[in-house]
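Engineer:
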Amino acid sequence: MNLVSSLPFLSLPVLYAIENNLVEHHINIKYLHENDILSSLTEGSADAAFISPLTFARNTSGLQIVRDFTVNSPNYGRNALLFFSGNLTSIDTIYFESGKDNNEFDLFLAEVVLKEYFEIIPQWEKIENVIPDSKALASHKVIFIPSPISFDMYPDYENYIDLSEEWSLQTELPLVHGLLCVTNSFKDRESLAKLRLSRELGLRNLMKIAKRYAENHPQNWDVYFDLWNEKYQYYPVPETWDSLEQLFSYMFYYARAEYYPELKFYPED
Numbered sequence: 032m033n034l035v036s037s038l039p040f041l042s043l044p045v046l047y048a049i050e051n052n053l054v055e056h057h058i059n060i061k062y063l064h065e066n067d068i069l070s071s072l073t074e075g076s077a078d079a080a081f082i083s084p085l086t087f088a089r090n091t092s093g094l095q096i097v098r099d100f101t102v103n104s105p106n107y108g109r110n111a112l113l114f115f116s117g118n119l120t121s122i123d124t125i126y127f128e129s130g131k132d133n134n135e136f137d138l139f140l141a142e143v144v145l146k147e148y149f150e151i152i153p154q155w156e157k158i159e160n161v162i163p164d165s166k167a168l169a170s171h172k173v174i175f176i177p178s179p180i181s182f183d184m185y186p187d188y189e190n191y192i193d194l195s196e197e198w199s200l201q202t203e204l205p206l207v208h209g210l211l212c213v214t215n216s217f218k219d220r221e222s223l224a225k226l227r228l229s230r231e232l233g234l235r236n237l238m239k240i241a242k243r244y245a246e247n248h249p250q251n252w253d254v255y256f257d258l259w260n261e262k263y264q265y266y267p268v269p270e271t272w273d274s275l276e277q278l279f280s281y282m283f284y285y286a287r288a289e290y291y292p293e294l295k296f297y298p299e300d
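With my numbering as the guide, the letters of the sequence shown map in order to residues 32 to 300.
1. CB-CB under 7 Å to N134, same chain, minus the five flanking residues each way: which ones, in chain order?
2. Taking only three categories from DSSP, how would you classify N51?
3. Is L53 near F81, with beta carbons less than 9 Å apart?
4. Can you find the residues in the same chain that come closer than 6 Å, C-beta to C-beta, to Q201, ignoring five residues on each side of it along the sequence?
5. Helix, strand or coil: how does DSSP classify V213 here?
6. Have a look at K166, L278 and A141 and flag the residue whose alpha-carbon is nearest the alpha-carbon of P205.
7. Can you grab the Cα-Cα spacing for the pair R243 / W252, in whole Å?
8. Three-state secondary structure (DSSP) at I96?
9. Are the stretch 256-271 and the stretch 116-131 touching by the rule of at least three beta carbon pairs closer than 8 Å?
10. I need the boundaries of the beta strand (DSSP E) containing P177, first residue and last residue.
11. If I follow the unbroken beta strand (DSSP E) through L113, where does it start and stop?
12. With V173 and L113 assumed to form a contact (beta carbons below 8 Å), what rounded beta-carbon distance in angstroms separates them?
13. Taking just the CA atoms, how far does Y188 sit from I240?
14. Measure the C-alpha to C-alpha separation of F175 and F136 and round it to an integer number of angstroms.
15. Return the first residue and the last residue of the alpha helix (DSSP H) that N66 is part of.
16. Considering K157, what are the terminal residues of the beta strand (DSSP E) in which it resides?
17. Please state whether DSSP places A79 in a helix, a strand or coil.
18. Taking its Cβ as the centre, do 16 or more other Cβ atoms sit within 10 Å of D78, making it buried, or is it exposed?
19. Based on Cα-Cα distance, which residue from T214, A169 and R109 lies nearest to F182?
20. Which first and last residues belong to the alpha helix (DSSP H) in which T202 is found?
21. Short check: CB of F100 to CB of V143, under 9 Å?
22. By how many angstroms is the C-alpha of T214 removed from the C-alpha of G75?
23. Tell me the rounded alpha-carbon separation between L138 and H171.
24. How would you label P267, buried or exposed, when you count the other beta carbons within 10 angstroms and need 16 or more for buried?
25. Taking buried to mean at least 16 other C-beta atoms within 10 Å of its own C-beta, is F296 buried or exposed?
26. Going by beta carbon distance, what residues of the same chain come within less than 7 Å of W155, once the five residues before and after it are set aside?
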């Protein structure tokens with residue numbers, strides 16, 4: 032199986048045992064930006080992918096969701112953050128970094144939450160080399176930081192709005208961040224079983240994974256451990272599909288998907 036992922040941080044607990052050959056497998060893993068994921072699936076170079084709901088919504092006709100592989104945040108996601116300085120009384124302009132590495136799902140989430148739940152329609156301005164320090168916030172009142180960069184930054188700041196938290200507060204639903212999807216012609220059930228085993232091993236070894244991850248990132252390992260262990264869920268809950276349906280309705284309404292996305296599941300029998 033050739034598997035691609037646009038969620039390098041969030042999919043790590045699931046893929047860790049595969050990538051470190053802790054289970055026997057025939058799975059090739061490649062990390063791509065979400066803009067490149069769909070072409071790899073439609074052109075046949077990949078037959079499975081860890082992707083955001085937005086990426087799935089753009090190609091529901093060619094993909095199916097593997098029902099028991101989801102990544103949700105029931106409360107705080109720390110993935111789509113608005114940093115500000117002092118007392119924030121209004122939001123007129125939001126500054127964010129330009130470039131190919133933008134997380135489109137987090138940007139979409141920010142737009143929806145601000146407009147639908149706070150009646151805020153800000154101007155979005157691109158700037159280079161965004162770091163929400165005091166100097167930057169003095170000239171740029173509100174700075175948006177998406178994941179995975181946000182995971183490295185949030186512990187160093189006090190003033191930020193977590194938009195995934197706002198989603199959950201307003202909807203009383205978890206936020207779905209990631210899905211495992213396969214192409215319509217996919218038949219490799221054995222590899223799915225290996226991924227399930229890899230997930231079990233990963234969730235049992237989150238401390239080890241976090242310590243290794245922290246070797247190349249700025250925070251202490253316990254920050255990343257807490258995200259995986261406390262902030263995110265790696266199995267669906269009954270509300271997962273309600274949340275996904277609500278996201279899909281916004282994606283269609285905001286013209287992020289050409290057609291209304293449908294929940295299509297890979298048949299397990």
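Where is the CB? At the ideal position from N, CA and C, for every residue including glycine.
Structural biologist: Taking the definition as stated:
1. On the sequence shown, position 103 is the one that residue 134 refers to. Within the same chain, N134 has close Cβ partners P177 and S178.
2. Within the sequence shown, numbered from 1, the residue matching residue 51 stands at position 20. Three-state DSSP puts N51 in coil, outside helix and strand.
3. Stepping through the sequence shown from its first residue, residue 53 is reached at position 22. Stepping through the sequence shown from its first residue, residue 81 is reached at position 50. No, the Cβ-Cβ distance between L53 and F81 is not below 9 Å.
4. Along the sequence shown, one-based indexing puts residue 201 at 170. Around Q201: Y148.
5. For the purposes of this step, residue 213 is taken as residue 182 along the sequence shown, with counting starting at 1. Three-state result, V213: strand.
6. Within the sequence shown, numbered from 1, the residue matching residue 205 stands at position 174. Measuring from the Cα of P205, the nearest candidate turns out to be L278.
7. Numbered from 1 along the sequence shown, position 212 holds the residue referred to as residue 243. Numbered from 1 along the sequence shown, position 221 holds the residue referred to as residue 252. About 8 Å.
8. Residue 96 sits at position 65 when you count from the first residue of the sequence shown. Of the three classes helix, strand and coil, the one that applies to I96 here is strand, per DSSP.
9. no
10. Mapped onto the sequence shown, residue 177 falls at position 146. V173 to P177 is the extent of the beta strand (DSSP E) around P177.
11. In the sequence shown, counting from the first residue as 1, residue 113 sits at position 82. Unbroken beta strand (DSSP E) run through L113: A111 to F115.
12. Here residue 173 refers to the residue found at position 142 of the sequence shown. Here residue 113 refers to the residue found at position 82 of the sequence shown. Confirmed, about 6 Å.
13. Reading the sequence shown from its first residue, position 209 is the one you call residue 240. Reading the sequence shown from its first residue, position 157 is the one you call residue 188. Straight-line Cα distance between these residues: approximately 24 Å.
14. Locating residue 175 in the sequence shown gives position 144, where the first residue counts as 1. Locating residue 136 in the sequence shown gives position 105, where the first residue counts as 1. Rounded to whole angstroms, F175 to F136 spans 13 Å at the Cα level.
15. Taking the first residue of the sequence shown as 1, we reach residue 66 at position 35. Start and end: E65 to T73.
16. If you number the sequence shown from 1, residue 157 lands on position 126. It spans Q154 to I158 - the beta strand (DSSP E) in which K157 sits, taken as one unbroken run.
17. Residue 79 sits at position 48 when you count from the first residue of the sequence shown. Of the three classes helix, strand and coil, the one that applies to A79 here is strand, per DSSP.
18. Translated into positions along the sequence shown, residue 78 becomes position 47. Label assigned to D78: buried.
19. Along the sequence shown, read from residue 1 onward, the residue named residue 182 stands at position 151. If we check each option's Cα against that of F182, R109 comes out closest.
20. For the purposes of this step, residue 202 is taken as the residue at position 171 of the sequence shown. Per DSSP, T202 belongs to the alpha helix (DSSP H) from L194 to T202.
21. If you number the sequence shown from 1, residue 100 lands on position 69. If you number the sequence shown from 1, residue 143 lands on position 112. No; because the gap between Cβ atoms is not below 9 Å, this pair is not in contact.
22. The residue you call residue 75 lines up with position 44 of the sequence shown. The residue you call residue 214 lines up with position 183 of the sequence shown. Computed Cα separation, rounded: 9 Å.
23. Taking the first residue of the sequence shown as position 1, residue 138 is located at position 107. Taking the first residue of the sequence shown as position 1, residue 171 is located at position 140. Each residue's alpha carbon lies about 18 Å from the other.
24. As a first step, residue 267 must be located in the sequence shown, where it is residue number 236. Looking at its Cβ environment, which holds 16 or more other Cβ atoms inside 10 Å, P267 is buried.
25. The residue given as residue 296 occupies position 265 in the sequence shown. Answer is exposed; the Cβ neighbour count stays below 16.
26. Numbered from 1 along the sequence shown, position 124 holds the residue referred to as residue 155. If we look at W155 and ignore the five residues flanking it on each side, its Cβ neighbours are I125 and F127.
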